[in-house]
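Heads up: the sequence shown at position 36 corresponds to 75 in my numbering, and the numbers run straight through without jumps.
Glycine included, C-beta positions come from ideal geometry on N, C-alpha and C.
As the structure is a computational prediction, the values presented were derived from the model and not from experiment.
Encoded as structure tokens, the structure appears first; notes follow it.
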Amino acid sequence: MPYMMTANLLTPLDYTSKILDHLGIVATVCKEIGLADEINRIVGVDPRQKVTCGEAVV
40 MPYMMTANLL TPLDYTSKIL DHLGIVATVC KEIGLADEIN RIVGVDPRQK
90 VTCGEAVV
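If you want it as structure tokens, here you go:
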């Protein structure tokens, strides 16, 4: 927790924050357009891979 120096005493700052990322929107669009499948088609998939290139990108 961040602290602010006041009269040689450390007091906690009162605030709240929220992370509002756009990653859900980006992931949904990537899924709708089939981006991972297209990347896998172009790059190819090695059966030894646990994660394909398309999955790693998306």
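Near residue i, what residues of its chain come up, given a Cβ to Cβ distance below 7 angstroms and the 5 sequence neighbours on each side ignored?
{"i": "Ala95", "result": "none"}
I'd like to know whether the C-beta atoms of residue i and residue j end up nearer to each other than 8 angstroms.
{"i": "Val82", "j": "Cys69", "result": "no"}
{"i": "Leu62", "j": "Val97", "result": "no"}
Between residue i and chain C, is the shortest Cβ-Cβ distance under 8 angstroms, so that the two count as touching?
{"i": "Arg80", "result": "Absence of chain C from the displayed structure is noted, only one protein chain being present."}
By Cβ distance, which residues of its chain are closer than 8 angstroms to residue i, with the 5 residues on each side in sequence left out?
{"i": "Arg80", "result": "none"}
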